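Down below is the structure, laid out as structure tokens.
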Amino acid sequence: MAERRVNVGWAEGLHARPASIFVRAATASGVPVTIAKAGGSPVNAASMLAVLGLGAQGGEEIVLATDAEGGDAALDRLAKLVAEGLDELPETV
């Protein structure tokens, strides 16, 4: 299983707008990805309710993971999105 550990770059954490950006990117990746707080239970990264339910705060570590073939590239893009707290989907996602 491939995974990336990254700190949430959005000051407000994964709430509302940032969560929406992240979920759209996870869905667009084309591979099943999970997201979890460090030490927590993973949830579907393509589910807005699941991502909001994490309650991930700015600066908090999260874990992105996938079992999919070719998932490393998707995790790299999602990790960059989260770490940099981007306001829009990167063109490469």
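Read left to right, the sequence shown gives residues 536 to 628 (the working numbering).
Backbone N, C-alpha and C define an ideal beta-carbon position, used for all residues, glycine too.
Keep in mind that this is a model prediction, so the values were computed, not measured.
Alpha-carbon to alpha-carbon, residue j and residue i
i	j	result
P567	V578	11 Å
V628	L587	Below a pLDDT of 50, predicted positions are generally treated as unreliable, and V628, at 43, falls in that range; no measurement from the model is reported.
A537	D602	6 Å
R540	A551	22 Å
Q592	L616	15 Å
Rounded Cβ spacing between residue i and residue j (contact assumed at less than 8 Å)
i	j	result
V558	A581	6 Å
L613	S564	7 Å
Limits of the unbroken beta strand (DSSP E) element including residue i
i	result
E596	596 to 601
V566	Premise fails: V566 is in no beta strand (DSSP E) and is neither H nor E.
V543	Unbroken run through V543: none, as it is neither H nor E.
Environment of residue i [buried if 16+ CB atoms lie within 10 Å]
i	result
S576	exposed
A600	buried
A609	buried
G606	buried
Same chain only: Cβ atoms within 6 Å of residue i, ignoring 5 sequence neighbours per side
i	result
G620	G544, W545
G548	A591, Q592, G593
Boundaries (first-last residue) of the alpha helix (DSSP H) holding residue i
i	result
E619	606 to 619
A585	583 to 589
Proximal residues to residue i (C-beta, below 8 Å), its chain only, five neighbours per side dropped
i	result
M583	A554, S555, V558
Neighbourhood of residue i by C-beta distance below 7 Å, restricted to the same chain and skipping five residues each side
i	result
G629	Because residue 629 is not part of the residues shown, which for the chain are 536 to 628, the question remains open.
K572	L589, A591, E595, I597
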